[in-house]
Every structure is written in structure tokens, then in C-alpha cells.
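Q: First the structure, which I've put down as C-alpha cells, then a few questions once you've had a look.
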Amino acid sequence: MNKPRFAPIVLWGLATVLHSATSFAQEAPPADDVRAGPAIPTLPPSASPQPTAAEGDTAGLGDLEALLGESVVTTASRSAERASTAPATVFTITSAEIRTYGIRTVDEALDYLGLGVYTASARDYTSPGDVGAQGVLIRDRGRHILVMLDGHVMNSQSTGAVTIHEALGVPLEAINHLEVMLGAGSVMYGSNAMLAVINVVTKLPRDLKGFRAVTEVGSSTPTNDGKLRGLGGGNEFGQRYRLGINGGVKLGDKIDLTIAAEWLQELSATYKIAPTTVPTVGVSFLPGQESWGGAANHKLVAPSIVVGARIGTFRILAQANSYRRDMPLTGVFEQKGSEETQTALRLDIKHNLDMSDRISLGSRLYGDQHRFSETSSYGEDYWCIGDQPNGCQYRGSSRARWAGLEEQLNVDWHLDGRLTSTIGFDVRARDTLSYPADYRDLLTGQLSSEVPRPKSARTGVLGALFAQQVWKPTQWLALNGGVRLDSDTDFGSRLSPRLAATVEPGEGAAVRASYAEAFRGPTPYELDEFDPTYRLTPKRLAPEIARAAELEWQQRLAWVTFSLRGFASFYKNFIDA
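Here my numbering is used: position 199 in the sequence shown is 249, and no number is missing along the way.
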């Protein structure tokens, strides 16, 4: 555990893409419409967007997109800027596109409409979903990407994991658009932002246009591998339905409220698995059981709610969700109780203060609680403890609570976006409790008397300072430099720099060269993880490191953009989690 499993890793690639840049906010916002950042002033046709809005903000960006003829993004620099001059590759997927293509989850949106991003989500529910980018896909429950909800980090502070299918817990009708930044993003966001940053941006009251109910019903046919015609069962159709309500209302000039809630449930069609008599990885037999396989199905239940409120210059966001899925193909076949569960509760309060024409201060106070558990059953001695002759039920679980304060100061020195500075800090306290390997006798439910129950209980603090300087000395050149220092009581300190230069040689053309570093710090769960059947607690774990250099050429023709990208990525210290 002390040495990286496969490090260093060097990847390089060349990608081309042809895509359209569709505005995600076509209507002009009211004058008092404020999200977490300061309002973006009206710009003359020749000006660049002033990078003062906080990441995730969409108020006023539709007007800027119409004015500039291209997408305006906020994730790469925590501020509004044209996609062509951003210091990293950023693309958006709009709610209109999600509806048009019948997309049901965020991972489906990335898989179908994403650029340089791919997902792995087994629909037979043998494993959780995973996300990869630019040549790397690790079965790690999303630990190497950072997922945010309106700029609010959603990764668990106990395990670092995040899932972007039904377990994400954001109702589909709450999503205004997805903004995805490829590559190293730790310079702005710290740990986990190694492969990509995904920001889920929610709708404003004006986007929802009153209240409405949503119903979605689907059915699926039983599946068969073509070789099991004599196998009994496998004839049940599957059902999936989603019931939701969403809307927004204004309560006076300075107050508005949005809500989106949904209940998602799925009972899959039966699918047939070829029987086997040989135990392999993930295949287990109870005492006296001679065959594994047959007809199986799974159930999924995922209710969620997102509530937003604006009171003057304050914006409040609350999110809660629950998720449970069966795991019929893990361990003992179709064993009752083999499942994964997640629950989350999040609160985010943001405030913006315009200190002068040039200076604005964005503040964020946030707190989260997240719980996770996975349960499966086994019968072999090597999966169970010695005093469990009836087989065992394995359960790994974690609970994390964290709260923090983030401040971001933006300065536009000349009031025209040519020279802007951003400085800020993030302070976060967390409390984690986990039981990484809880083995109980399958019949009696008793813990082993031979091996103590593994347990980890930690409290920790994260402190981070970040700074960014954007300089546009001419109309055709933009320079972006930034650095972030993270210091964590669990693993020490890590510096994440970034430097990018964008040249616009002609109408609609942009060439960007960039270098950035990112990291993922070992989580409390990984630092203390112990499983008496196969895993020892590591003596020491260092942060995983990513270094990436990119060269991209973009050419816009009306609302169509052609992009040619080349990249080289270097990874080391990957943790086998």
C-alpha cells in the first residue's frame, strides 16, 4: 500500500470534435435577478465579458452569449468568460438537449453528449457508475472527478466518492445545464479535480415559469443471452417511473423561491445469467449450494429534492436525497439484503457584496452530511472470518459531516475585463466515521469473536488559499495564471499551479496552450481502511498527482465550433482503493 500501484502513467491523445454552442439562458433576466456572484454589467459589442460572476451563476449569461455569439462559462476560472478564452476546455449540456434526447441521468448526458468524457454504468447493477476523461477510466466510484451543485462540492469527505447517475440526488427538472471542464482543476477547487470538474447548474424561477408536475413511465423487456431457453423464469417485464413537481415563484421584488422534487423507482425486467459451479471474483456459494446463476432482477428507489431561495443578495440552496439499489449479482446470487444505500443532506448560503465598481466579494457558508453503505453475502472461508461457518454478511459503511466557509474577492482593475484578479480561501472542518469491513454470521447476525470490528473515526480540517490573475494585453491575447495551496490535517500540503495562454488569430479562431497540475488527497476511509480477509491498513499514503499539458485550436462558424485538441497527461501515486 505504500507504493503506487501503477505509477507513473503517461497518456497522450489527439481529439477532434464538431459541436454546436447552444445558449442555456435565452430570456433576459430581471434587473434584480442575482445568484451567488455580482451581476455582469452590460458590455459594448467589442468588449470581453468581465469575469466577476461566481461559478455556477447563470444570471445575465444568456445576454452575453447572444452578444458574443458563443457560450459563456464560469467553471474554469470561477468567473464568467467566453468558452474560447477559458484556460481549459469547457463545454455545456443544456436542459433542452437533455429533454430532446430523452436523457434520464447526468451520466447518460455525459455519455451521449459529452466531449472527452465517458462513463461506465452497469445496468445489471453489479457495480456503481464511474466516470473517466481523456484516456483514464478507473473503477473508483468517481473519486478522480469533482462534482458540484451550483459550485457546492458534492464528493463525500469520508471516501471522496461521488456518483452521477440516480444517486446524485438532483431532480432532472431542476437542472438548467451541465458545465464540464476537462483536465486538471485543482487550482480552483482542490482535491479530486484530477480528470474533470462537473458543475450541475440549477434553474432560476424565471427558467421554471410557474409550477408543473412531471410523469415519466417506462417499460423494459426480459433479456436472455440466447443460450438459456430451458431456464425457468426470466419472463417478467420491467417498470420504471418518475414522478416530479417543480416550479418557481417570486415573493416581492427581492425574494423568490424554487423547488424541484421527484420520486424515481425502477423494478427491472428479469435477466438470465448462465449458471456456474466455480466460485470466482464476486461469485459466492453458501454451504451446500452447488450452482450460481439463473434469473434475476433488481429494484432501485431514489427520491430527491432541491430547494432554492433568493432573499436580496443572499441565495440559499438545500438538497436532500436517498438512494437504494439491489445488487443481485454480487456475492451469493439474488441474496436478500445485498444492496447499496446512500443518503445526503446539503445546505449552501451564498452572498455577494459589491464593495465598489471594481471590487466584489462573494461569500459561501456550507454544510453537508453524507451516509453510504454496501451489503453483500458470502459463503467461502476466504471471504468470511474463521468462526462464521454459516457464511457471512459483509457491510462497509461510512458517515461524513462537514462544514466550511469560502470567500472570493474579485477585482476588475480597469472596469473592462482586461486585467482582473481573484483571491480567496476555503476553510473546512469534517467529522467522519466508518466501518470498512463489518462481517456478521449470515444466520445469527453476530460479529466475529476472533477479529475486532474495524473502525475509523477522524476529525480534520482543510485550509486552502487560491489566487488567479487574468491579463488581456491585446484583443487577440489572453493570459491566465493561478495557484492554490491546500493544507489538510490528514495528508499535509499540496500546491496546484496553472498557466494558460490563448491567442485569437482571426475571426472565430482561438488557439490555447496550457499547463496545470491537480491532486487527490487520500481520504479518511482510505487512510484507515482494514479488511481482515484481504486488505491491511496502509502505513502511509501520499496525494495522487496529475500533470497535464494541452494545446487546442477552436474555429467557430456561426453556432458551430470545430475543435482540435492535443494533450499529454502524467499521473503518479495512484491509490488502489
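By construction, the Cβ of each residue, glycine as well, lies at the ideal position given by its N, Cα and C atoms.
1) List the endpoints of the continuous beta strand (DSSP E) containing residue 168.
2) Buried or exposed for residue 310, going by 16 or more other Cβ atoms inside 10 Å?
3) When DSSP labels each residue in this structure, what does residue 493 get in the three-state scheme?
4) Give the DSSP-derived three-state secondary structure of residue 188 in the structure shown.
5) Where do the ends of the alpha helix (DSSP H) carrying residue 148 lie?
6) Report the option in 392, 255, 271 whose CA atom is closest to the CA atom of residue 322.
7) Hey, could you find the ends of the alpha helix (DSSP H) residue 575 is sitting in?
8) Taking the alpha carbon of residue 318 as the point to measure from, which residue in 375, 570, 581, 512 has its own alpha carbon closest?
9) Locate the alpha helix (DSSP H) running through residue 159, then write down its first and last residues.
10) Going by the DSSP bridge assignment, what does residue 43 pair with across the sheet?
11) Over what stretch of residues does the beta strand (DSSP E) that includes residue 376 continue unbroken?
12) Who does residue 565 pair with in a DSSP beta bridge?
13) Check whether the stretch 362-382 and the stretch 329-349 touch, using three or more Cβ-Cβ pairs below 8 Å as the test.
14) Quick one: using the 10 Å Cβ neighbour count with 16 as the cut-off for buried, is residue 624 buried or exposed?
15) Once the 5 residues before and after residue 498 are set aside, which same chain residues still bring their CB inside 7 Å of it?
16) Are the stretch 322-333 and the stretch 235-251 touching, with three or more C-beta to C-beta distances below 8 Å?
17) Terminal residues of the continuous alpha helix (DSSP H) containing residue 239?
18) Can you give me the start and stop residues for the alpha helix (DSSP H) that residue 128 sits inside?
19) Would you check if the distance between the CB atom of residue 599 and the CB atom of residue 567 is smaller than 8 Å?
20) What residue does the beta strand (DSSP E) around residue 353 start on, and which one ends it?
21) Within a Cβ cutoff of 8 Å, which residues of the same chain sit near residue 57, ignoring the five residues on either side of it in sequence?
22) DSSP three-state call for residue 614: helix, strand or coil?
23) For residue 397 versus residue 455, is the C-beta distance shorter than 8 Å?
24) When you compare only the Cα positions, how much space is there between residue 610 and residue 147?
25) Excluding the 5 residues flanking residue 440 on each side, which residues of the same chain have their C-beta closer than 6 Å to its C-beta?
26) Please list, in chain order, all residues of the same chain as residue 206 whose beta carbon is under 6 Å from its beta carbon, the five residues on each side excluded.
A: Judging by the given coordinates:
1) From DSSP, the beta strand (DSSP E) with residue 168 extends over 167-170.
2) That one is buried.
3) Collapsing the DSSP output to three states places residue 493 in coil.
4) Residue 188 carries a coil assignment under DSSP once its states are collapsed to helix, strand and coil.
5) DSSP places residue 148 inside the alpha helix (DSSP H), whose first and last residues are 145-150.
6) Checked all of 392, 255, 271; the closest Cα to residue 322 is 271.
7) From DSSP, the alpha helix (DSSP H) with residue 575 extends over 574-578.
8) The shortest Cα separation from residue 318 among 375, 570, 581, 512 belongs to 375.
9) Bounds of the alpha helix (DSSP H) holding residue 159 are 156-163.
10) It is not possible to answer for residue 43, since the shown part of the chain is limited to 51 through 627.
11) That run of the beta strand (DSSP E) goes 364-376.
12) DSSP lists 549, 599 as partners of residue 565.
13) Contact holds: three or more Cβ-Cβ distances are below 8 Å.
14) Result: buried.
15) Around residue 498: 435, 437, 438, 489.
16) They do not touch, by the three-pair rule.
17) Residue 239 -> alpha helix (DSSP H) spans 236-239.
18) No alpha helix (DSSP H) holds residue 128; DSSP gives it neither H nor E.
19) Taking the C-beta atoms as reference points, residue 567 is found no nearer than 8 Å to residue 599.
20) Taken as a continuous stretch (DSSP letters only), the beta strand (DSSP E) holding residue 353 covers 349-361.
21) Low confidence applies here, because residue 57 scores a pLDDT of 40, under 50, leaving its location unreliable; read the following figure in that light. Short of 8 Å from the beta carbon of residue 57, and not among the five residues preceding or following it, lie these beta carbons of its own chain, in chain order: 621, 622, 623, 624.
22) The DSSP-derived three-state label of residue 614 is strand.
23) Cβ atoms of residue 397 and residue 455: not closer than 8 Å.
24) Approximately 15 Å between the Cα atoms of the pair.
25) Answer for residue 440: 491, 492, 493, listed in chain order.
26) Result list for residue 206: 420, 450, in chain order.
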